[in-house]
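Going down the list, the protein sequences come from chains A and B.
So the first sequence is numbered by my numbering: it starts at 664 and just counts up by one.
So the second sequence is numbered by my numbering: it starts at 1079 and just counts up by one.
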Amino acid sequence: AQSVAQPEDQVNVAEGNPLTVKCTYSVSGNPYLFWYVQYPNRGLQFLLKYITGDNLVKGSYGFEAEFNKSQTSFHLKKPSALVSDSALYFCAVISFSGTYKYIFGTGTRLKVLA
Amino acid sequence: DAGVIQSPRHEVTEMGQEVTLRCKPISGHNSLFWYRQTMMRGLELLIYFNNNVPIDDSGMPEDRFSAKMPNASFSTLKIQPSEPRDSAVYFCASSLEGTEQYFGPGTRLTVT
Chain A
664 AQSVAQPEDQ
674 VNVAEGNPLT
684 VKCTYSVSGN
694 PYLFWYVQYP
704 NRGLQFLLKY
714 ITGDNLVKGS
724 YGFEAEFNKS
734 QTSFHLKKPS
744 ALVSDSALYF
754 CAVISFSGTY
764 KYIFGTGTRL
774 KVLA
Chain B
1079 DAGVIQSPRH
1089 EVTEMGQEVT
1099 LRCKPISGHN
1109 SLFWYRQTMM
1119 RGLELLIYFN
1129 NNVPIDDSGM
1139 PEDRFSAKMP
1149 NASFSTLKIQ
1159 PSEPRDSAVY
1169 FCASSLEGTE
1179 QYFGPGTRLT
1189 VT
């Protein structure tokens, strides 16, 4: 079965420290991988994606993510967290097997402490 | 670009009433998605369309829910009759097929 896992419901990090939000996936074929962020009372907002090419992808607001095929992971990272980064983060994958299948993770709440 | 437009932004209705949620996708996008988000169940994909045709409606909870996309610039999600357990935020999103999705601001539905 195809799936996306975000093993942590919540991640706490101090402002200025590096942050990592974890994501692993299980799909057949080559995955298209995405991260989205949701601020309170807003819709999800696209942050970055991996389709092919360089395993390290950079996105909005200083976020980046590393695709690791052997570990089937796509962790979101930022070198220095801001209080304003506090939000709900979703990992997502698209797989293709005749039709596209869109799968979102359960979300990880990031709390950056001042 | 105005982004994905949803209406209404808030809807409060009584149990048994019909509710219709509306969505205008981003111009040029050929895929449209309806999601439901609650604290208990998280984000759930209800249905998605490609080129106005429903591709996957396996997430539609039951026959009380129906969705249509009569043209490339408009979609509706209807609940009839509504029940308190339908209370949630409903999101519409659009994309080019196989690419990142752009979400609307959501409709907060409260069924009393």
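Note that the Cβ used here is the ideal one computed from N, Cα and C, for glycine as well.
Three-state secondary structure assigned by DSSP to R1100/B:
If DSSP states are grouped into helix, strand and coil, R1100/B belongs with the strands.
Which whole-angstrom value describes the C-beta separation of L1124/B and F1143/B, a residue pair presumed to lie in contact below a C-beta threshold of 8 Å?
By a beta-carbon distance limit of 8 Å, L1124/B contacts F1143/B. Their separation comes to about 7 Å.
Whole beta strand (DSSP E) runs in the region 1141–1188 of chain B with 3 or more residues, listed along the chain?
The region 1141–1188 of chain B contains, as complete beta strand (DSSP E) runs of 3+ residues, the segments 1143–1149, 1152–1157 and 1166–1173 (chain order).
Need the endpoints of the beta strand (DSSP E) that H738/A sits in, please.
Counting along the chain, the unbroken beta strand (DSSP E) around H738/A starts and ends at S736 to K741.
Is Y763/A helix, strand or coil when you go by DSSP?
Y763/A sits in a strand when the DSSP states are folded into three classes.
Work out the CA separation of D672/A and R772/A for me, nearest whole Å.
Cα-Cα distance, rounded: 6 Å.
Taking Cβ positions, are A728/A and H738/A nearer each other than 8 Å?
Taking 8 Å as the Cβ cut-off, A728/A and H738/A qualify as a contacting pair.
So E1092/B packs on T1185/B, CB below 8 Å; how close in whole Å?
Rounded to whole angstroms, the Cβ separation of E1092/B and T1185/B is 17 Å, and the two are not in contact under 8 Å.
Sorted by chain position, which residues of the same chain lie with C-beta nearer than 6 Å to I1133/B's C-beta, five sequence neighbours on each side aside?
Correct list, in chain order: Y1126.
Residues of the region 744–765 of chain A whose Cβ lies closer than 9 Å to any Cβ of chain B, in chain order:
If the cut-off is 9 Å between Cβ atoms, the region 744–765 of chain A has F753, A755, I757, F759, T762, Y763, K764 and Y765 near chain B.
Between the region 760–769 of chain A and the region 673–685 of chain A, are three or more C-beta pairs nearer than 8 Å?
Too few Cβ pairs lie closer than 8 Å, so no.
For G722/A, which of S689/A, Q669/A and Y699/A has the nearest alpha-carbon?
The option with the nearest alpha carbon to G722/A is Y699/A.
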